[in-house]
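S.K.: I'd like to ask some things about the structure below.
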Amino acid sequence: MAIREVAIPIDPRPSDGDAEPEAPAAARWFVRIFLSAFLVCSIFGVEWWPLTGFRLFSHVRTAHRIQWTLDTVASGGVESPLWLGDVPRAYQGFHLIMPGFSRLQPAVQQATCAAWLAEARRVRTSVSEIRIYRVEWQSWPRAGERPARPPSKKLVYACA
Amino acid sequence: MPVRRGPAGLLRQAEGWILEPGSARSLAALRIGLCLLLAVRLSRSVYVQLAGQPSVLFRPLSFMRLLQAMPSREVVLTIQALAIAASLMAAGGVAARISLPVAWLGAVFLNGMWTSVGQPMHNETLLLLAMVPLLRAPSTDAWSLAAVGRGRTSGRSVRYGWPVRTSMIVVAGGYFFSGFNKLVFSGPAWVFSDNLRWILYGISDQNRRPIAAALLLASHPLAAHAVAGLSLATEIGFPIVLWKPRLVGIFVPAAVLLHVGIGITMHLDYSAWAATAVVLFVRWEALADRLARRRKAGAALVGPGLAHGSGLP
C-alpha cells in the first residue's frame, strides 16, 4: 500500500516565503503622508524642522566675502578678536544674527550686545567693551595661510 | 500585469516597491543601529551649552517657536538623560512602543534647541527623519529582548518591509536634494567655478588656527574641482542604490568619505549622516547569517575533533 505524505499547516503566521499579501491601510497612509511632507519640504525649501529644504552650501561663493567679527577690548585698551569656538554653542549664532542686527529695535540691539558682552567677560577677564565689526575679506591672493590683503573693517556697534 | 503609465502609475509602482515584504531582522537591525547612534549623539555636551541662553539671542524655527527662550540647564539635562535611556531601551527592544517615541521626541526637542540659534541645523536631521518610520513599525519581532522572551523569530512580512524602505528613500532623498539644490541655486558653477576653493579658504580664515587640509585642497584648483564634482555626483547619484542595490558598495563608502572630508577640511561634524547611511544600507542580516555559518562551520570542525579526542596529542 502506498503512503502519501500530506502537508499540514502548523503555524499560519507569516514566515519566510509566506508573506502577507497586503500592507495595513494605516501603514500605507503613514508612508504617503510622511514622504509627501518630506518631498514638499525638500523641493520647496520649507523648514518644518526636522523636515528641511536640504540647502547645504547650495549658493556659489566668491573670493569676496563679508563677515562679522567681535573684538573684546581689555581695560588697558588692547583689542583682540573673540573666536566663536571660544564661546558655548548658545552664543555661536552671532554671525547669523548680525546680518539683521540693524533692523532690530535699539533696545533689542543693546540687550543683544549686552548678552555677548556678559559672555565675553565670562570667557576673558578684564573685558571693558566689545566692538562689532563688518569685515570685508578678499580670499585671493594669499600670503601664506591668510589672505594677502588685510580685511577692511567697519565698526558697527560697541557696548560697554 | 497591465502597464500603468503617467505619474499615477509611477507612484503606484513606487508604493508597490515600498510595500514589498521585508524581514524582521532587517527592521530590527535598523532599530538597533539607529537607536544606538541616537544614544551616542545625544550624549554630547552641545545641548547643555545651549541651555539658559539669554532670551534675546533665541532665534527659534518650526515648533520651537512655541517657546520664549531656551530651557534651563536642569530641564535639558533631564530630557537628555531620559532620551538617552529611552534610546538604549529601544535599541534592546525593551518597551519599544514607548521607549522609541520618547527617545525620538527627546532628540527632536534637544536638536530643536540647536536649530534655534539662527539657521536650520542639518547635522542630525537625516538620523531623525530616518527614525520616523520606526515609530510605527513592529521592530521588536527579532533581535530584541522581547523576541528572546517569546522564543521565536518572525520571518518576512509586509509589516517589516515598508519601514526599512521608507527610511532608505528618506536617506537617499536627503543626499539627492542636497545636490539638487546646489544645481538649482548655482548650476554647473558649483563644480566648475572656484566655489569650493572659496568655501575652504573662508572657513580656514574664520578659524583661530588655519586649517591645513582646507588650505592644501584650496591651493590645488584641479583637485578642488575634482572633489566638488565627485561630491555632487555622490549626492545626486545616491538614489540609484534604491534601484541597483549592488551600487551600495560604491555610494555608501563615497558618502562616508565625503563626510570624513568635510570633517577634516571644514571641521563640520556630519558623521551622523554617514553613520545613518551605513546602518541603513549595509545588509546586517546577511552579515549575521555569514557569521553564524562561519561559527557553525568552526563548531563542526572543532566539535567532533574534540569529542573523539583526535585534535589534541
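Keeping their order, the protein sequence lines are chains A and B.
Per my numbering, residue 1 is the first one in the first sequence, and the count goes up by one each step.
Per my numbering, residue 161 is the first one in the second sequence, and the count goes up by one each step.
Beta carbons: idealized from backbone N, C-alpha and C, even for Gly.
For clarity, every value in this text was computed on a predicted model and none was experimentally measured.
Could you confirm whether any beta carbon from chain A is found closer than 9 Å to the beta carbon of S186/B?
M.R.: The residue given as residue 186/B occupies position 26 in the second sequence. By this cut-off, S186/B is not an interface position.
S.K.: Would you verify that the beta carbon of T285/B is, or is not, closer than 9 Å to some beta carbon of chain A?
M.R.: Here the question's residue 285/B lines up with position 125 in the second sequence. Chain A, which has a Cβ nearer than 9 Å to the Cβ of T285/B, makes this yes.
S.K.: Within the continuous alpha helix (DSSP H) that includes L197/B, where are the two ends?
M.R.: Taking the second sequence and counting its residues from 1, the one referred to as residue 197/B is at position 37. That run of the alpha helix (DSSP H) goes 184-202.
S.K.: In chain order, what are the residue ranges of uninterrupted alpha helix (DSSP H) at least 4 long that sit wholly in the segment 410-458 of chain B?
M.R.: Runs found: 431-441.
S.K.: By DSSP, does S215/B sit in helix, in strand, or in coil?
M.R.: As a position in the second sequence, residue 215/B is number 55, starting the count at 1. Helix, per DSSP.
S.K.: Compare the C-beta of S126/A against all C-beta atoms of chain B and say whether one is closer than 9 Å.
M.R.: On the first sequence, residue 126/A is found 126 positions in, with the first residue counted as 1. No, its Cβ sits nowhere closer than 9 Å to a Cβ of chain B.
S.K.: Name the residue from A160/A, W83/A, E22/A, W140/A whose alpha carbon lies nearest to the alpha carbon of Q110/A.
M.R.: On the first sequence, residue 110/A is found 110 positions in, with the first residue counted as 1. Among A160/A, W83/A, E22/A, W140/A, the Cα nearest to that of Q110/A belongs to A160/A.
S.K.: Of all the residues that make up the segment 235-257 of chain B, which are near chain A by a beta-carbon distance shorter than 8 Å?
M.R.: Against chain A - using a Cβ distance shorter than 8 Å - the segment 235-257 of chain B contributes no residues.
S.K.: Assuming L197/B contacts T436/B (C-beta within less than 8 Å), just tell me the rounded distance between them.
M.R.: Translated into positions along the second sequence, residue 197/B becomes position 37. Translated into positions along the second sequence, residue 436/B becomes position 276. Right, the Cβ-Cβ distance comes to about 7 Å (below 8 Å), so this counts as a contact.
S.K.: Using a cut-off of 7 Å between C-beta atoms, extract the partners of A23/A located in chain B.
M.R.: Against the first sequence, residue 23/A aligns to sequence position 23. Under the 7 Å cutoff, chain B gives L179, V318, W322.
S.K.: Out of L265/B, G278/B, V268/B, which has the shortest C-alpha to C-alpha gap to F101/A?
M.R.: The residue given as residue 101/A occupies position 101 in the first sequence. Residue G278/B is the option with its Cα nearest to F101/A.
S.K.: Within 10 angstroms of its Cβ, does G347/B collect 16 or more other Cβ (buried), or is it exposed?
M.R.: As a position in the second sequence, residue 347/B is number 187, starting the count at 1. Under this definition G347/B is an exposed residue.
S.K.: What does the Cβ neighbour count give for D449/B, buried or exposed, with the cut at 16 atoms within 10 Å?
M.R.: Residue numbering aside, residue 449/B sits at position 289 when the second sequence is read from its first letter. Per the 10 Å Cβ criterion, exposed.
S.K.: Return no unless some Cβ of chain D is closer than 9 Å to the Cβ of L56/A.
M.R.: The structure shown has no chain D; the protein chains it does contain are A and B.
S.K.: I need the DSSP call for H95/A, collapsed to helix, strand or coil.
M.R.: On the first sequence, residue 95/A is found 95 positions in, with the first residue counted as 1. Note: H95/A maps to helix in three-state DSSP.
S.K.: Taking a contact to mean a Cβ-Cβ separation below 9 Å, would you say A267/B touches L248/B in this structure?
M.R.: For the purposes of this step, residue 267/B is identified with residue 107 of the second sequence, where counting begins at 1. For the purposes of this step, residue 248/B is identified with residue 88 of the second sequence, where counting begins at 1. Not a contact, by the Cβ cut-off of 9 Å.
S.K.: Count the other CB atoms within 10 Å of the CB of P119/B; is the residue buried (16 or more) or exposed (fewer)?
M.R.: The structure shown does not extend to residue 119/B, since chain B is modelled only from 161 through 473, so no value can be given for it.
S.K.: In whole angstroms, what is the alpha-carbon distance linking L158/B and I422/B?
M.R.: A query on residue 158/B cannot be resolved here, the shown segment of chain B reaching from 161 to 473 and no further.
S.K.: Could you tell me the distance, in whole angstroms, from the CA atom of H282/B to the CA atom of Y157/A?
M.R.: The residue labelled residue 282/B in the question sits at position 122 within the second sequence. The residue labelled residue 157/A in the question sits at position 157 within the first sequence. Near 31 Å, if we compare the C-alpha coordinates of Y157/A and H282/B.
S.K.: What does Y157/A touch in chain B if you count any residue whose Cβ is under 7 Å from its own?
M.R.: Here residue 157/A is taken as the residue at index 157 of the first sequence, counted from 1. Chain B residues near Y157/A: none, gap ~14 Å exceeds 7 Å.
S.K.: Would you mind reading off the limits of the alpha helix (DSSP H) that contains L260/B?
M.R.: Translated into positions along the second sequence, residue 260/B becomes position 100. Start and end: 256-274.
S.K.: To which residues of the same chain is G389/B closer than 8 Å at the C-beta, ignoring the five residues directly before and after it?
M.R.: If you number the second sequence from 1, residue 389/B lands on position 229. Excluding sequence neighbours, G389/B sits near V351.
S.K.: Is the shortest distance between the beta-carbon of M230/B and the beta-carbons of chain A less than 9 Å?
M.R.: On the second sequence, residue 230/B is found 70 positions in, with the first residue counted as 1. Yes, contact with chain A.
S.K.: Out of V60/A, P50/A, T72/A, state which residue places its alpha-carbon closest to the alpha-carbon of E162/A.
M.R.: Because chain A spans 1 through 160 in this model, residue 162/A falls outside it and cannot be assessed.
S.K.: In angstroms, rounded to a whole number, what distance separates the CA positions of M1/A and S317/B?
M.R.: Indexing the first sequence from 1 puts residue 1/A at position 1. Indexing the second sequence from 1 puts residue 317/B at position 157. Any reading at M1/A must be qualified, since the residue scores a pLDDT of 44, below 50, and its modelled position is unreliable; no value is offered.
S.K.: Do A23/A and L217/B have their C-beta atoms closer together than 9 Å?
M.R.: Within the first sequence, numbered from 1, the residue matching residue 23/A stands at position 23. Within the second sequence, numbered from 1, the residue matching residue 217/B stands at position 57. Taking 9 Å as the Cβ cut-off, A23/A and L217/B do not qualify as a contacting pair.
S.K.: Measure the C-alpha to C-alpha separation of R13/A and G315/B and round it to an integer number of angstroms.
M.R.: Translated into the one-based positions of the first sequence, residue 13/A becomes position 13. Translated into the one-based positions of the second sequence, residue 315/B becomes position 155. Bear in mind that a pLDDT of 41 at R13/A, under 50, signals an unreliable position, so the number given afterwards is only what the model happens to contain. Looking at the two C-alpha atoms, the distance is approximately 9 Å.
S.K.: Only counting the same chain, and skipping five residues up and downstream in sequence, which positions put a Cβ closer than 7 Å to that of A374/B?
M.R.: Translated into the one-based positions of the second sequence, residue 374/B becomes position 214. The answer, listed in chain order, is L360, I363, S364, T425, M426.
S.K.: Considering only the beta carbon of each residue, do A256/B and L202/B sit closer than 9 Å?
M.R.: Numbered from 1 along the second sequence, position 96 holds the residue referred to as residue 256/B. Numbered from 1 along the second sequence, position 42 holds the residue referred to as residue 202/B. No, the pair does not count as a contact, with Cβ atoms beyond the cut-off.
S.K.: Would you say K153/A reaches chain B, if we count a Cβ-Cβ gap shorter than 9 Å as a contact?
M.R.: Residue mapping note: residue 153/A aligns to position 153 of the first sequence, counting from 1. No - not a single Cβ of chain B is within 9 Å of the one on K153/A.
S.K.: Taking Cβ positions, are A189/B and E445/B nearer each other than 9 Å?
M.R.: Numbered from its first residue, the second sequence carries residue 189/B at position 29. Numbered from its first residue, the second sequence carries residue 445/B at position 285. Yes; because the gap between Cβ atoms is below 9 Å, this pair is in contact.
S.K.: If you drop the 5 nearest sequence neighbours on each side, which residues of the same chain put their C-beta closer than 8 Å to that of W48/A?
M.R.: Against the first sequence, residue 48/A aligns to sequence position 48. Closer than 8 Å at Cβ, skipping near neighbours: A37, C41.
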